[in-house]
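Number of protein chains: 4
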Amino acid sequence: MALLKLLIEEGQITDPDSPRGRLLDQAAQLFLQKGYERTTVRDLASAVGIQSGSIFHHFSSKEDILKAVMSEALVYFIEELRAAIEAAQNPRHRLLACIRSELQFTIGPDTTAVMSLLISEWRSLSVEAQGDILHYRTRYEQQWLDVLNAAKEVGLVDGDVFVMRRLLAGAIHWTTTWFQLDGELSLEALANETLHLVCSGDSQT
Amino acid sequence: MALLKLLIEEGQITDPDSPRGRLLDQAAQLFLQKGYERTTVRDLASAVGIQSGSIFHHFSSKEDILKAVMSEALVYFIEELRAAIEAAQNPRHRLLACIRSELQFTIGPDTTAVMSLLISEWRSLSVEAQGDILHYRTRYEQQWLDVLNAAKEVGLVDGDVFVMRRLLAGAIHWTTTWFQLDGELSLEALANETLHLVCSGDSQT
Amino acid sequence: MALLKLLIEEGQITDPDSPRGRLLDQAAQLFLQKGYERTTVRDLASAVGIQSGSIFHHFSSKEDILKAVMSEALVYFIEELRAAIEAAQNPRHRLLACIRSELQFTIGPDTTAVMSLLISEWRSLSVEAQGDILHYRTRYEQQWLDVLNAAKEVGLVDGDVFVMRRLLAGAIHWTTTWFQLDGELSLEALANETLHLVCSGDSQT
Amino acid sequence: MALLKLLIEEGQITDPDSPRGRLLDQAAQLFLQKGYERTTVRDLASAVGIQSGSIFHHFSSKEDILKAVMSEALVYFIEELRAAIEAAQNPRHRLLACIRSELQFTIGPDTTAVMSLLISEWRSLSVEAQGDILHYRTRYEQQWLDVLNAAKEVGLVDGDVFVMRRLLAGAIHWTTTWFQLDGELSLEALANETLHLVCSGDSQT
DNA sequence: TATGAATGAGGTTTCATTCAT
DNA sequence: AATGAATGAAACCTCATTCAT
Numbered sequence: 000m001a002l003l004k005l006l007i008e009e010g011q012i013t014d015p016d017s018p019r020g021r022l023l024d025q026a027a028q029l030f031l032q033k034g035y036e037r038t039t040v041r042d043l044a045s046a047v048g049i050q051s052g053s054i055f056h057h058f059s060s061k062e063d064i065l066k067a068v069m070s071e072a073l074v075y076f077i078e079e080l081r082a083a084i085e086a087a088q089n090p091r092h093r094l095l096a097c098i099r100s101e102l103q104f105t106i107g108p109d110t111t112a113v114m115s116l117l118i119s120e121w122r123s124l125s126v127e128a129q130g131d132i133l134h135y136r137t138r139y140e141q142q143w144l145d146v147l148n149a150a151k152e153v154g155l156v157d158g159d160v161f162v163m164r165r166l167l168a169g170a171i172h173w174t175t176t177w178f179q180l181d182g183e184l185s186l187e188a189l190a191n192e193t194l195h196l197v198c199s200g201d202s203q204t
Numbered sequence: 000m001a002l003l004k005l006l007i008e009e010g011q012i013t014d015p016d017s018p019r020g021r022l023l024d025q026a027a028q029l030f031l032q033k034g035y036e037r038t039t040v041r042d043l044a045s046a047v048g049i050q051s052g053s054i055f056h057h058f059s060s061k062e063d064i065l066k067a068v069m070s071e072a073l074v075y076f077i078e079e080l081r082a083a084i085e086a087a088q089n090p091r092h093r094l095l096a097c098i099r100s101e102l103q104f105t106i107g108p109d110t111t112a113v114m115s116l117l118i119s120e121w122r123s124l125s126v127e128a129q130g131d132i133l134h135y136r137t138r139y140e141q142q143w144l145d146v147l148n149a150a151k152e153v154g155l156v157d158g159d160v161f162v163m164r165r166l167l168a169g170a171i172h173w174t175t176t177w178f179q180l181d182g183e184l185s186l187e188a189l190a191n192e193t194l195h196l197v198c199s200g201d202s203q204t
Numbered sequence: 000m001a002l003l004k005l006l007i008e009e010g011q012i013t014d015p016d017s018p019r020g021r022l023l024d025q026a027a028q029l030f031l032q033k034g035y036e037r038t039t040v041r042d043l044a045s046a047v048g049i050q051s052g053s054i055f056h057h058f059s060s061k062e063d064i065l066k067a068v069m070s071e072a073l074v075y076f077i078e079e080l081r082a083a084i085e086a087a088q089n090p091r092h093r094l095l096a097c098i099r100s101e102l103q104f105t106i107g108p109d110t111t112a113v114m115s116l117l118i119s120e121w122r123s124l125s126v127e128a129q130g131d132i133l134h135y136r137t138r139y140e141q142q143w144l145d146v147l148n149a150a151k152e153v154g155l156v157d158g159d160v161f162v163m164r165r166l167l168a169g170a171i172h173w174t175t176t177w178f179q180l181d182g183e184l185s186l187e188a189l190a191n192e193t194l195h196l197v198c199s200g201d202s203q204t
Numbered sequence: 000m001a002l003l004k005l006l007i008e009e010g011q012i013t014d015p016d017s018p019r020g021r022l023l024d025q026a027a028q029l030f031l032q033k034g035y036e037r038t039t040v041r042d043l044a045s046a047v048g049i050q051s052g053s054i055f056h057h058f059s060s061k062e063d064i065l066k067a068v069m070s071e072a073l074v075y076f077i078e079e080l081r082a083a084i085e086a087a088q089n090p091r092h093r094l095l096a097c098i099r100s101e102l103q104f105t106i107g108p109d110t111t112a113v114m115s116l117l118i119s120e121w122r123s124l125s126v127e128a129q130g131d132i133l134h135y136r137t138r139y140e141q142q143w144l145d146v147l148n149a150a151k152e153v154g155l156v157d158g159d160v161f162v163m164r165r166l167l168a169g170a171i172h173w174t175t176t177w178f179q180l181d182g183e184l185s186l187e188a189l190a191n192e193t194l195h196l197v198c199s200g201d202s203q204t
């Protein structure tokens, strides 16, 4: 939260109380609910309470909105992940922090829409736009790989770290289709269960 | 393959050499490549080499095509999964058979498009159509759950089987984003690696 | 009835038991019910129990069907009207015969659809086709005018016979919107009431 | 005229100088000339001088245009008829007022298209739309019936008023097919002639 | 900044008609 | 005579985007 405010102040993320920010929020919701293509600029405008023409004072095109949603989400995820990793004290905790953070992004109350969009609407971007966003994704993934490599070096996990990252990514992203935050399984428990997928670990230090 | 021919003869799956079948094949490819919404019926018609109006002799609407792609795929997956399970000789092999089959559907050369569509274009169906297709999905999932429950009874896996199925589903479906059939990792090796995610197994009987 | 058979034998009207005749019958029903434009060739084919392509063995176009329905109806109406006039014994009865006949065409059980079509779908004909059919209409109207002129000569009616014919035509055609054959008012009573519109007559000889 | 302006100011009828109003005017002309089905939205758009897509800013569908034409016409007819009846001083004059008004709607220069449409394109409305419009028609007809019943009470006419109304409606509507405003017969004379159809009148007070 | 009417390209779908079988 | 798949023009309608106000 504090981190989010900082990023807003720095101008890296749009203030959610500004018209542009409200637009981005609603866009994330609607794009996820109905899909990018099936969401019309009019839908979006009326969700925000403005006229459709007015949207183009804030964004140059509909795709520009999707790009902004994605890139701002990634900026935030990158920073949040960095902070979580830094706060952890050993390779195992750092790996758990990655898992917990990504689960949080995926199924936590505030970011679930944008996280899912990154995956579900990737093809809705033009090739050029994909290139722009890929930049951010690479930076995000690099942090995961660093943590996994470190875990491998101390024998916490073994096997191909690329494959491992991908199996984990799949398992985590998929939670969006079934996990209920208010269900019996807590996010923390799920994070632990997910950690066990890759490190059949013993003591939980 | 033999199974596929049987289903075609029984009329449960459209003959891929018929006009309707060619349409379904191309639709699966295009819907996956460009997305359902961004694929126009004109695209589809020209991919098959007919006029756009002619499509509506075979299907009553564009959505009807997507429904047919999905339901025929599921009919095939259900039968293929059943056969694979029946051919396996113990709970461990049956679970491996499930994993291998679903990996095969996901990244094997013939079915990858339709398997991915089932997930990526689910929201493109109207609610009614979703209900129709859900029928098939439920039958498919039930086979997985039966196998996982049997595995749990003999102590092969432990934990919540629903959660386990879902983590596995996520991991497997995600392979579509990264796995290369002609890469270093074989499908069989990946299946084994995936099995280890849930059963930290011992003897590989 | 006897007259109808005669006309069929003479080939002036298509035998209603032939495929062509069944097509014409159904066409009249459907064109009236749904309108010519909203009736598709497929509707028509399936009403008759054949395939849409087969219709074009009997008629060269959809409009050709409408033309045939109209011209055959007029051929029959002309002859029926002539017979009714000839059977009547004085100017008053001849006028009543005209009224009764036209009411019969309009609301009688067998001809109501085709009679209404002549009016409601007139604009659906191309200009050329209108010219063709107008021929028949003129012959039909001439018989009315002859009877009205004769009635005027004996002082039965007065005023402009053209105007009178048109007021009567309107009143009679309009019955199609409200008259119930099985209601309280008989067709004969309605004919008499209609006659009174133009000849405030006395004795009902 | 004054009445029309009032209704426009009240918002019950669209201002004919607004884009929507121009659209309605042209629609009435074209629907009558070519028929609703044969009039395309492009025809309509080009008659008004806009692009076909722009029509859908004003109406949600083509049928919506037809509905609006009909309901606005009826709103006007209802009010005009009411005013005409109120201005007349005795039952005979009130009946004449009804006849004259309806003749005016039918063959008068401004309303002839919409009046005819109400009859000729009724079947082009969906069943639901017919229900909506029927509302207005009923209110219009009730005024006629009230006047006819009052005329019957004072012995001006006799017979079934429903039948009488329908014979009159038929005769009046039919004038659209033959009456020429600039011909020998004046509208006033025709109104009187029509009145005589039902009340074989005496003194012409 | 905001509006909202207008654009115009392009989408899905319809349907009379053709023609090889 | 009949079939029914295919045609292809044209229908209604959608929607991102523009622009005068």
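Protein chains in written order, with numbering that gives the first Met the number 0: chain H, 0 to 204; chain D, 0 to 204; chain E, 0 to 204; chain B, 0 to 204. Every residue gets a Cβ at the ideal spot worked out from N, C-alpha and C, and that includes glycine.
Residue i, enclosing alpha helix (DSSP H) - first and last residue
i, result
"G130(H)", "126-152"
"L155(E)", "First-last for L155(E): undefined, no H or E at that position."
"Q32(E)", "18-33"
"L94(H)", "90-106"
"F76(E)", "61-86"
"D14(E)", "Looking at the DSSP string, D14(E) is not in any alpha helix (DSSP H), and its letter there is neither H nor E."
"T176(B)", "First-last for T176(B): undefined, no H or E at that position."
"E8(B)", "1-8"
"E187(E)", "186-197"
"F58(E)", "Where F58(E) is concerned, there is no enclosing alpha helix (DSSP H), given that its DSSP letter is neither H nor E."
"D42(E)", "40-47"
Same chain, Cβ closer than 8 Å to residue i, five either side skipped, listed in chain order
i, result
"L95(D)", "A87, A190, N191, L194"
"I118(E)", "H172"
"R41(E)", "S51"
Option in the options with minimal Cα separation from residue i
i, options, result
"P15(D)", "D109(D), V197(D), I132(D)", "D109(D)"
"E187(B)", "R99(B), R136(B), V113(B)", "R99(B)"
"P224(B)", "E120(B), A46(B), S123(B), A1(B)", "Since the first residue shown for chain B is 0 and the last is 204, residue 224(B) is missing from the structure and cannot be characterised."
"G107(B)", "L180(B), F58(B), K4(B)", "L180(B)"
"R37(D)", "E120(H), L2(H), A26(H), D24(H)", "E120(H)"
"Y35(B)", "A150(B), I84(B), E62(B), R93(B)", "E62(B)"
"I77(D)", "V160(D), G169(D), Y139(D), L184(D)", "Y139(D)"
"Q25(E)", "I64(E), H92(E), Y75(E), I7(E)", "I64(E)"
"G182(H)", "G169(D), E183(D), L31(D), V162(D)", "V162(D)"
"A150(H)", "V197(H), I49(H), L116(H), W177(H)", "V197(H)"
"S185(B)", "L102(B), N89(B), D157(B)", "L102(B)"
"L3(E)", "K33(E), A72(E), L23(E)", "A72(E)"
"F58(B)", "G20(B), F30(B), K33(B), L133(B)", "G20(B)"
"A128(B)", "D157(B), L144(B), I12(B), S60(B)", "S60(B)"
Residues near residue i in its chain [Cβ-Cβ closer than 6 Å; skip 5 each side]
i, result
"T204(E)", "Interpretation of T204(E) is limited by its pLDDT of 40, a score under 50 that renders its predicted location unreliable; the figure taken from the coordinates is listed afterwards. Nothing meets the Cβ criterion."
"D201(H)", "Because the pLDDT at D201(H) is just 45, under 50, the model does not fix this residue reliably, and the point stays unresolved."
Proximity test, residue i beta-carbon vs the ligand COA heavy atom, cut-off 8 Å
i, result
"R19(B)", "In the structure on display, the ligand COA does not appear, and there are no ligands present to speak of."
Contacts around residue i, its chain only, beta-carbon distance under 7 Å, and the 5 residues preceding and following it disregarded
i, result
"T105(E)", "T111, M114, I171, H172, T174, T175"
"G52(B)", "none"
"R212(B)", "Residue 212(B) falls outside the range modelled here, since chain B spans only 0 to 204, and no answer is possible."
"Q28(E)", "A112"
- Residues from the region 35-67 of chain D in contact with chain H, defined by Cβ distance under 8 Å: So the list reads E36, R37, given in the order they occur along the chain.
- Interface residues of the region 114-147 of chain B facing chain E [CB-CB below 8 Å]: For the region 114-147 of chain B, the residues whose beta carbon sits under 8 Å from a beta carbon of chain E are, in order, S119, R122, S123.
- Message: Under 9 Å, CB to CB, which of the residues in the region 89-110 of chain B have a partner in chain E?
- Response: The region 89-110 of chain B vs chain E, Cβ under 9 Å: nothing.
- chain D contacts made by the region 179-200 of chain H, where a contact means CB separation under 8 Å: Per Cβ criterion, the list reads L184, L189, E192, T193, L196, V197, S199.
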